[in-house]
Amino acid sequence: MPFPSTLPIPSEVLKIAKKLEDAGFETWCVGGAIRDNLLGVPNHDFDLTTAAPPPTVQKLFKRTVPVGIEHGTVAVLDANSQPHEVTTFRKDIHTDGRHAVVEFGVSIMDDLARRDFTINAIAYHPIRHEWRDPFQGEQDLSKKLIRSVGDPNWRFQEDYLRILRALRFSARFEFRIHARTLEAAKANAQGLSQLSAERVRDEWFKGILTAKKVSKLVALWRDVGATRIWLPELGTGSGGEGQAAVDKLPRDPVLVSAYLAKDAASLLIRLKCSNKDIDRGRAIGRWRDKYPDATDPVAIRHWLATTGEHADDLLALLPAANAPLQKAVAAVRAKNPPLSLKDLAVKGADVIAAGVRPGPDVGDALARLLEEVLEDPSRNTKEYLLSRV
Ligand code: ATP
Ligand code: MG
Numbered sequence: 022m023p024f025p026s027t028l029p030i031p032s033e034v035l036k037i038a039k040k041l042e043d044a045g046f047e048t049w050c051v052g053g054a055i056r057d058n059l060l061g062v063p064n065h066d067f068d069l070t071t072a073a074p075p076p077t078v079q080k081l082f083k084r085t086v087p088v089g090i091e092h093g094t095v096a097v098l099d100a101n102s103q104p105h106e107v108t109t110f111r112k113d114i115h116t117d118g119r120h121a122v123v124e125f126g127v128s129i130m131d132d133l134a135r136r137d138f139t140i141n142a143i144a145y146h147p148i149r150h151e152w153r154d155p156f157q158g159e160q161d162l163s164k165k166l167i168r169s170v171g172d173p174n175w176r177f178q179e180d181y182l183r184i185l186r187a188l189r190f191s192a193r194f195e196f197r198i199h200a201r202t203l204e205a206a207k208a209n210a211q212g213l214s215q216l217s218a219e220r221v222r223d224e225w226f227k228g229i230l231t232a233k234k235v236s237k238l239v240a241l242w243r244d245v246g247a248t249r250i251w252l253p254e255l256g257t258g259s260g261g262e263g264q265a266a267v268d269k270l271p272r273d274p275v276l277v278s279a280y281l282a283k284d285a286a287s288l289l290i291r292l293k294c295s296n297k298d299i300d301r302g303r304a305i306g307r308w309r310d311k312y313p314d315a316t317d318p319v320a321i322r323h324w325l326a327t328t329g330e331h332a333d334d335l336l337a338l339l340p341a342a343n344a345p346l347q348k349a350v351a352a353v354r355a356k357n358p359p360l361s362l363k364d365l366a367v368k369g370a371d372v373i374a375a376g377v378r379p380g381p382d383v384g385d386a387l388a389r390l391l392e393e394v395l396e397d398p399s400r401n402t403k404e405y406l407l408s409r410v
């Protein structure tokens, strides 16, 4: 497929490019947006790369944010305060598998050469409508191929995250990974252990959100050895385990991770997830095999009371075959039964007034009353409950 003669560049992006060009700095559109446009899929962040050094970009535009200034990236805010990333042409002069020392003042060709995959190394000039594709990225797009720019071993050793990026793009576009690139990914998998948990987590989560099929992404992570290092809780897997099921889950990275893992909390802790996410994982681990009987509303109310805010996660993980339980839970919830202490018709002060000694006895008394109310919600009246104190 030949390059289209023009690309529909958003007007705000075009304005930024024009201003840079008018000031004498060559400016190109690059990266994901070009790739996605050529593939005909929507993409929202049109990145620009320019000869202008970062301080010049900051001077030329009224409102900028130094989002990654050490790598030469400045976000320019448009009239609607939308950020657009502008990165200075750069070359990585020293890398250690995780960080890069960069040099500015190079050419667009050097800038394309430091990019990860051929399909991500295509540039389009938004004013002259010229194309630069020194690594035949466009050919790889039509062949549906993920291929490293340059020697894959070398490129993965510069930044091991690229291994995970290859898997993500492969699962997202259903592209094959070129044989030598895949081989190098496997050979260098041990280097993944050097990455920070945050970068790995972002990559894993983005992968889950964007894969055509999550099962395919998981198979790729397994195949190159990335699960062994970062997600050992996924086990070795047979490759076939619950594949259809994982593909039917909501695209929620925490939920999907917890579904796949034997010990979800430890996986989420390793990935430095938020405490809230870790709690979700822990709750899923604790209750995933303890669903109530769909024919027993009392058991369902007890289950809702114990699992609390995690009930929806647990319901989302139910196999489709368990529609009766989904329905039964919905029916119980529709009646809005009292499920927690705050729903009780009596408060602490009421039981104290009825003679309970202030202190831990109050909590015990309320907990016992909640038990009674979970058995039979019609008992949730002040009169009945006080009679039971
Ligand atoms: P997405 O749709 O996920 O945003 P993207 O290709 O735009 O995909 P970004 O992470 O936004 O990915 O990066 C923008 C561009 O920067 C990439 O297309 C690629 O050219 C380059 N790039 C990003 N990360 C790396 C990396 N680790 N090594 C080399 N080049 C990279
Ligand atoms: Mg992007």
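Reminder that position 320 of the sequence shown reads as 341 in our numbering, one-by-one numbering, no gaps. Backbone N, C-alpha and C define an ideal beta-carbon position, used for all residues, glycine too.
message: Does GLU47 come out as helix, strand or coil in the three-state DSSP assignment?
response: In the structure shown, GLU47 sits in coil (DSSP, three-state: anything other than H, G, I, E or B).
query: Tell me the DSSP bridge mates of ILE198?
result: ILE167
Whether THR328 touches LEU339 by CB criterion (7 Å): no
field: ALA73 beta carbon less than 7 Å from that of LEU35
entry: no
query: Whose C-beta lies closer than 6 Å to the C-beta of ARG309 among residues of the same chain, with five residues either side of it excluded?
result: none
message: Below 6 Å, is the gap between the Cβ of ASP161 and the nearest heavy atom of ligand 1?
response: no
task: Return the bridge partner residues of GLY158 from the DSSP annotation.
output: DSSP, once it has assigned bridges, lists no residue as partnering GLY158.
field: Where VAL410 falls: helix, strand or coil (DSSP)
entry: coil
- request: Taking PHE177 as part of the alpha helix (DSSP H), name the residues at either end of that continuous run.
  value: Note, PHE177: alpha helix (DSSP H), 173-179.
- request: Between the Cα of ASP57 and those of ALA187, ALA282 and ASN141, spot the shortest distance and give me the residue it belongs to.
  value: Nearest of ALA187, ALA282 and ASN141 to ASP57, Cα basis: ASN141.
- prompt: Tell me the DSSP bridge mates of GLY118?
  reply: Per DSSP, ASP180.
query: When the Cα atoms are used, what is the spatial distance from LYS311 to TRP242?
result: 30 Å
query: Mapping DSSP to helix, strand and coil, what is ALA144?
result: strand
message: So, under 8 Å CB-CB, LYS164 and ALA192 are touching, yes? Tell me the CB distance rounded to an integer number of Å.
response: Not quite, the Cβ-Cβ distance comes to about 17 Å (not below 8 Å), so this is no contact.
message: Please determine whether the Cβ atom of ASP397 lies at a distance below 6 Å from any heavy atom of ligand 1.
response: At a threshold of 6 Å, ASP397 does not count as near ligand 1, since its beta carbon sits no closer than that to any of the ligand's heavy atoms.
message: Starting from THR85, trace the beta strand (DSSP E) in both directions and tell me its first and last residue.
response: 85-89
Residue ranges of each alpha helix (DSSP H) within the segment 215-252, 4 or longer: 218-231, 235-245 and 247-251
- request: Label VAL422 either buried or exposed according to how many other C-beta atoms from any shown protein chain fall within 10 Å of its C-beta, with 16 as the threshold for buried.
  value: There is simply no residue 422 to check, as the chain begins at 22 and stops at 410 in what is shown.
task: In the DSSP assignment, find the unbroken beta strand (DSSP E) run with ALA332 in it and report its ends.
output: According to the DSSP assignment, ALA332 belongs to no beta strand (DSSP E) but to the alpha helix (DSSP H) extending over 332-337.
message: Taking 6 Å as the cut-off, is the C-beta of ARG183 nearer than that to any heavy atom in ligand 4?
response: In the structure on display, ligand 4 does not appear, and the ligands it does have are ligand 1 and ligand 2.
message: Please state the DSSP three-state secondary structure of HIS92.
response: helix
task: Within its chain, find whatever has a CB closer than 6 Å to the CB of TRP49; leave out the 5 residues flanking it on each side and keep chain order.
output: THR70, ILE129, ALA144 and HIS146
- prompt: Regarding ASP131 and ligand 1, is the C-beta to nearest heavy atom distance less than 6 Å?
  reply: no
Buried versus exposed, by CB contacts within 10 Å (16 or more), ALA332: That one is buried.
- request: Taking THR77 as part of the alpha helix (DSSP H), name the residues at either end of that continuous run.
  value: If you look at THR77, you'll find it in the alpha helix (DSSP H) that goes 75-81.
- request: Determine, using beta carbons only, whether LEU407 and ALA375 come nearer to each other than 7 Å.
  value: With respect to ALA375, LEU407 sits close: the two C-beta atoms are nearer than 7 Å.
Residue range of the beta strand (DSSP E) that includes ASP371: Looking at the DSSP string, ASP371 is not in any beta strand (DSSP E); the run it does join, the alpha helix (DSSP H), is 369-374.
- request: Give a single yes or no on whether ASP180 has its beta carbon closer than 6 Å to a heavy atom of ligand 2.
  value: no
- prompt: With respect to 6 Å, is the separation between the Cβ of ASN58 and the closest non-hydrogen atom of ligand 1 below this value?
  reply: ASN58 Cβ: outside cutoff for every heavy atom of ligand 1.
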